[in-house]
Amino acid sequence: MTHFHIALWGVLPYLVAVLLAGGTAWRYRYDRFGFATRSSQLHESRLLRTGGPLFHYGLLFVIAGHIAGLLVPEWLTDRLYVDDELYHANALIVGGAAGLATAVGLAILLYRRLRVPAVRAATSRGDRVVHPLLATVILAGLTATASGMAAGSYDYRLGVSLWFRSLFTLDPDVTAMAHAPLIYQVHALLAMALFALWPFSRLVHAFTAPVGYLVRPYVVYRSRTPSTPYRHPAIAAVRTGNGRTGRRAPAHAPDPVSPGRADP
Numbered sequence: 021m022t023h024f025h026i027a028l029w030g031v032l033p034y035l036v037a038v039l040l041a042g043g044t045a046w047r048y049r050y051d052r053f054g055f056a057t058r059s060s061q062l063h064e065s066r067l068l069r070t071g072g073p074l075f076h077y078g079l080l081f082v083i084a085g086h087i088a089g090l091l092v093p094e095w096l097t098d099r100l101y102v103d104d105e106l107y108h109a110n111a112l113i114v115g116g117a118a119g120l121a122t123a124v125g126l127a128i129l130l131y132r133r134l135r136v137p138a139v140r141a142a143t144s145r146g147d148r149v150v151h152p153l154l155a156t157v158i159l160a161g162l163t164a165t166a167s168g169m170a171a172g173s174y175d176y177r178l179g180v181s182l183w184f185r186s187l188f189t190l191d192p193d194v195t196a197m198a199h200a201p202l203i204y205q206v207h208a209l210l211a212m213a214l215f216a217l218w219p220f221s222r223l224v225h226a227f228t229a230p231v232g233y234l235v236r237p238y239v240v241y242r243s244r245t246p247s248t249p250y251r252h253p254a255i256a257a258v259r260t261g262n263g264r265t266g267r268r269a270p271a272h273a274p275d276p277v278s279p280g281r282a283d284p
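Per my numbering: the sequence shown ends with 284, consecutive numbering throughout.
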């Protein structure tokens, strides 16, 4: 283990975390209007209806798989009677399918952004940097997942997961990551670069997801039971002799005694 490894796997993750948190807070404070995705659905919707759900739902499963793989220790899966063979088979099948769906969805969205003139005109310089980086991160992750299909392949739970969990204890296990295969190191470095650029790109809209919508109370637009409308006493209608209503009583007049005639 060298000083380069210490800087790469022991210092850089914390710098990225500070940049992600500080940049997001700064963006929310000083660029509230730009704290969104700037939707381009009005320019084109057919490809967006296909690529958008594929990318976003696939990405949700990818994130869930990373949380389970990096944060759940091996002793806990053993307690749940999930052996190594079942665990890796699930990671390959479910994780591979989620990663493939994410990659296909992103490919459709990038094709839409390149082929539709109005969408291409709305592409910023930050998008031209973040989109290729995001695609590279996904491809590196798929390559790492596919490498687990070989017999005697690398068990990331005994290396990458140990390093990732040690970051939260402020005692990073640099050795565990330094001895990981190159594809896992490349995937981790690309992911850190993506997180460093996250607050300054369109990706910041992920923090504006309407999660509160799932737990908010019902909004009552119309009551199911009819209610009697409120009438101010000074504007109460007084029935006239010919049976018509609508004559407004004076503001100083007393309340009518009966609906048929006014109080003399």
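Ideal Cβ placement from N, Cα and C applies to all residues, glycine included.
The model shown is predicted, which means the values in this text are computed figures rather than measured ones.
Span separating the alpha-carbon of residue i from that of residue j
i: L178; j: G78; result: 26 Å
i: G138; j: H225; result: Position check: residue 138 holds Ala in this sequence, whereas Gly was assumed. Spanning the two alpha carbons is a distance of roughly 21 Å.
i: D191; j: S144; result: 39 Å
i: A27; j: L217; result: 19 Å
i: D98; j: L223; result: 36 Å
i: F55; j: L129; result: 20 Å
i: G168; j: R135; result: 36 Å
i: A84; j: R148; result: 27 Å
i: F53; j: Q61; result: 18 Å
i: A121; j: A141; result: 27 Å
i: A111; j: L96; result: 16 Å
i: V102; j: W46; result: 43 Å
i: D51; j: L39; result: 16 Å
i: Y238; j: I87; result: 32 Å
i: L202; j: R49; result: 39 Å
i: E94; j: R69; result: 39 Å
i: F188; j: L209; result: 18 Å
i: V124; j: A118; result: 10 Å
i: I113; j: R236; result: 35 Å
Rounded Cβ spacing between residue i and residue j (contact assumed at less than 8 Å)
i: H207; j: A160; result: 4 Å
i: L126; j: F75; result: 5 Å
i: S181; j: G89; result: 7 Å
i: A196; j: W183; result: 4 Å
i: R185; j: L91; result: 7 Å
i: T44; j: F215; result: Incorrect: roughly 10 Å between the Cβ atoms, too far for contact.
i: A213; j: L153; result: 6 Å
i: A198; j: H25; result: 4 Å
i: G146; j: S221; result: 5 Å
Residue i, buried or exposed, once every other Cβ within 10 Å from all chains shown has been counted against 16
i: R132; result: buried
i: P219; result: buried
i: H151; result: buried
i: Y176; result: buried
i: Y204; result: buried
i: I158; result: buried
i: G30; result: buried
i: S173; result: exposed
i: S59; result: exposed
i: V194; result: buried
i: A41; result: exposed
Min CB distance residue i to chain C below 8 Å
i: G168; result: Among the protein chains of the structure shown there is no chain C, as only one such chain exists.
| If you pair each beta-carbon of the region 65-78 with each one of the region 230-240, do three or more pairs fall below 8 Å? | They do not touch, by the three-pair rule.
| task | For the region 194-231, list the alpha helix (DSSP H) runs that are entirely contained and at least 4 residues long, ordered along the chain. | result | The DSSP assignment places complete alpha helix (DSSP H) segments of no fewer than 4 residues inside the region 194-231 at 194-198, 202-217, in order along the chain.
| request: Starting from the N-terminal side, write out each stretch of the alpha helix (DSSP H) that is 4 residues or longer and does not extend beyond the region 56-94. | output: Those alpha helix (DSSP H) runs which fall completely within the region 56-94 and span 4+ residues are 66-91.
| Do the region 104-111 and the region 30-37 make contact, defined as three or more Cβ pairs closer than 8 Å? | With a cut-off of 8 Å on Cβ pairs, the region 104-111 is not in contact with the region 30-37, counting fewer than three such pairs.
| If you scan the region 125-194 from start to end, which runs of the alpha helix (DSSP H) of 4 or more residues do you find wholly inside it? | Entirely contained in the region 125-194, the alpha helix (DSSP H) runs reaching 4 residues are, in chain order, 137-141, 145-167, 180-188.
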